[in-house]
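There are 2 protein chains.
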Amino acid sequence: MNDLNAISIRNLLFFISVFDAQSFSIVARREEVSASMVSRSVQQLEDALGQQLFYRNTRAVIPTEAGRIFADYARAMAEQLSEAQKELQDKTLQPAGVVRVNAPVFFGQKHIAPWLAELSNRYPKLQIELSLTDDFIYPHREAADLIFRIGALADSSFHARVIGTQTYYLAASPDYINKHGEPKTPADLPQHQALVYRGSSGPNRWLFKEKHDGEKQASWVHSPVKAVLTSNNADSLFTAALTGMGLVLFPDWLIGDSLKQGKLVLLLPDYEAAIKTEPQCIAAIYPHVRHPPLNVRVLIDYFIEVYGSPLYWQLE
Amino acid sequence: MNDLNAISIRNLLFFISVFDAQSFSIVARREEVSASMVSRSVQQLEDALGQQLFYRNTRAVIPTEAGRIFADYARAMAEQLSEAQKELQDKTLQPAGVVRVNAPVFFGQKHIAPWLAELSNRYPKLQIELSLTDDFIYPHREAADLIFRIGALADSSFHARVIGTQTYYLAASPDYINKHGEPKTPADLPQHQALVYRGSSGPNRWLFKEKHDGEKQASWVHSPVKAVLTSNNADSLFTAALTGMGLVLFPDWLIGDSLKQGKLVLLLPDYEAAIKTEPQCIAAIYPHVRHPPLNVRVLIDYFIEVYGSPLYWQLE
DNA sequence: GTGCTTGGTTGCGAAAAACGCTATAATTCA
DNA sequence: TGAATTATAGCGTTTTTCGCAACCAAGCAC
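Right under this line is the structure:
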């Protein structure tokens, strides 16, 4: 076994101990292993290096020239490992270093970016890399540590922390209502100006169902609309809606505060709205690993905390 | 297994390779091990550090923050080991560093010290520590790498390279002979002035036997002498003999050149002389180890070379 | 979509090693 | 000279290692 690869940290530490203690048995007792272990450990090291490290005898253990030289290196290596461990340990005790966060563009703008200042304040050693993309996830490719996603979650290779369910609302500005009137049922929609989000999988479909009156469970109905504006940029649609251009079907996190402030008016309050038939969850997703980084856990906890329960943007 | 000790250099090297190659299987192929090995190796490292090092997936291997940090340390450690190896390797190719040589005082003065200059010239990186002691060896205590000893050698924990056999001669200066006459047989010795070496085990005994005439083998006979000077310092006795104080019974390496130059005269040429009944060897002794240092081998070879064969101090 | 290939992980069994115990040789202390 | 201590070699048991095959996920070709 002339291979350097066979050297283990253990060997190095034993070697250092023996070097300092000038005795195998003292080390053996201190480390609570058999003396033969220590002896063999040093032998292994010697074989791996092809050099005698000690002259040894029943009564004396004297370092060779090579032993003295190697002791310095061994110490340096052990030192380095210990430092590495310390640095990594610190990381688990106190969040530090880079965390790469990914989120949908507009969600990030409205509900992540505003909170980052406080986050940075709370964990000064944290460096946040925020990338906002709407395309449905670059799971690993982007090497994101934490991904905010909205949708039906089903991916075994990730852990997901559900932040909440998103509710869609049909809304328009008071101006618009004054000018065009208010739809009373989804069937009225084709007469209205629709502002439609278009993602990479095509334009959103507008779905409605009557709120459950009694036990009868209505099913989702797709309402065709007249799209006067289609965009892959939610902010633009939002602005268009605020300035009275037309109706939007947007989730609560996007228009919740506008509704509360009266800048937009909730339409079809007797209907539930959606763009997908499955319930859409807002979730923080992170890679499924055995040693989840503290960084990521802390970030999730932070956002769960500031979003509150119910989520601060929800209507009720 | 949360123990740092379990980390082996192999793990580190695999980790570094994976880090650079961003792939387990590439490393596995290059290192000619199974992919599972590499995978488990990294897992081991992660368990030992308690930190995830890669986000991995069937199609991508992305370093964690912790992974990137640890990579630096791992590289540093590997670097250090490689340097250590190089330095030690150099030592096996080219003699360098400290060699601690021990020898009997007068032998060292006469037959070691004079040759050290040339030795140092030949191996400039060698640093020689010469300690001269007559007391019969401090075997390991003194941490000598190479010990010149004279006597009957029997120690299994050492290797011995026999340089030659030592022959004792009875001698006196021409002055002395002129004044006191020349002994013809050992029985004449009590009438003469004897200069006797006294070591830690008492004064030397002077033994003689007639040189083998035919097949008859005489045995050693102890001749009592009149010691006018006893000393544990051979040089002093030697000086006393040169200045005509009396007879000395000294080995060839000590008085060989004086006999050749006629400063001393060989007495009782028909007798063999000795101080011990067993043949006395001059030997270079070094610790019995599995990886004998080049330093020591080179030193022995050098002295064997300069002493020549027959040894340059021998009479014939 | 459907198959095909690639890549990381896991289970399993044989091979190897680690490890403690004991014995042994060497050496010091009383 | 015994008693004690120490490093090491031999041993058998326990643990680990490691390749093979199976598996699952993800991309690619068609």
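Keeping their order, the protein sequence lines are chains A and B. Heads up: take any position in the first sequence, counting from 1, add 773, and you land on the working numbering. Heads up: take any position in the second sequence, counting from 1, add 773, and you land on the working numbering. We treat Cβ as the ideally placed atom computed from N, Cα and C, and that holds for glycine. Note that the coordinates shown come from a computational prediction; the quantities given were computed from them, not determined experimentally.
Which residues share a DSSP beta bridge with residue i?
i                         : result
valine 872 of chain A     : A/Ile901
tryptophan 756 of chain A : In the structure displayed, chain A extends from 774 to 1089; residue 756 of chain A sits before or after that span and is not available.
leucine 889 of chain A    : Beta-bridge pairing links leucine 889 of chain A to no other residue.
threonine 1003 of chain B : B/Val969
histidine 932 of chain A  : A/Tyr1059
leucine 1022 of chain A   : A/Leu943
glycine 924 of chain B    : B/Cys1054
Please list the partners that residue i has in chain A, where partner means a Cβ-to-Cβ separation under 7 Å.
i                         : result
lysine 898 of chain B     : Residues of chain A passing the Cβ test: none, with the nearest at roughly 11 Å.
proline 1094 of chain B   : This structure cannot settle anything about residue 1094 of chain B, because the visible part of chain B is limited to 774 through 1089.
methionine 850 of chain B : Met850, Gln853, Leu854
So, with DSSP's three-state summary, where would you put residue i?
i                             : result
histidine 884 of chain B      : helix
threonine 837 of chain B      : coil
threonine 1016 of chain A     : coil
histidine 953 of chain A      : helix
alanine 944 of chain A        : strand
alanine 847 of chain B        : helix
threonine 1050 of chain A     : coil
leucine 919 of chain A        : strand
tyrosine 1044 of chain A      : strand
threonine 906 of chain A      : coil
glycine 1029 of chain A       : helix
leucine 1039 of chain A       : strand
phenylalanine 1011 of chain B : helix
threonine 938 of chain B      : strand
lysine 984 of chain B         : coil
serine 855 of chain A         : helix
tyrosine 896 of chain B       : coil
aspartate 1074 of chain A     : helix
tyrosine 743 of chain B       : For residue 743 of chain B there is no data in the structure shown, the boundaries of chain B being 774 and 1089.
alanine 991 of chain B        : coil
threonine 865 of chain B      : helix
Using a Cβ-Cβ distance under 8 Å, would residue i count as near chain A?
i                          : result
alanine 779 of chain B     : yes
proline 868 of chain B     : no
asparagine 1006 of chain B : no
methionine 774 of chain B  : A caution first: methionine 774 of chain B carries a pLDDT of 42, below 50, which makes its placement in the model unreliable, though a value can still be read off. Taking Cβ atoms only, chain A never reaches closer than 8 Å to methionine 774 of chain B, which makes this a no.
alanine 933 of chain B     : no
glutamine 795 of chain B   : no
proline 1066 of chain B    : yes
leucine 786 of chain B     : yes
alanine 857 of chain B     : yes
tyrosine 846 of chain B    : yes
So with CB distances below 9 Å, who are the chain B contacts of residue i?
i                        : result
lysine 864 of chain A    : Gln824, Glu838, Ala839, Ile842
arginine 1063 of chain A : Gln816, Glu819, Asp820, Gln825
Measure from the C-beta of residue i to each C-beta in chain B and report whether the shortest distance is under 8 Å.
i                         : result
asparagine 875 of chain A : no
arginine 1090 of chain A  : It is not possible to answer for residue 1090 of chain A, since the shown part of chain A is limited to 774 through 1089.
arginine 783 of chain A   : yes
leucine 1072 of chain A   : no
So which residues on chain A does residue i lean against when the C-beta distance must stay under 9 Å?
i                     : result
valine 871 of chain B : Glu838, Arg841
If the cut is a Cβ gap below 8 Å, which residues of chain A does residue i touch?
i                      : result
leucine 773 of chain B : Any question about residue 773 of chain B goes unanswered here, given that chain B covers just 774 to 1089.
Alpha helix (DSSP H) runs contained entirely in the region 777-842 of chain A, provided each spans 4 or more residues: 782-794, 797-804, 808-822
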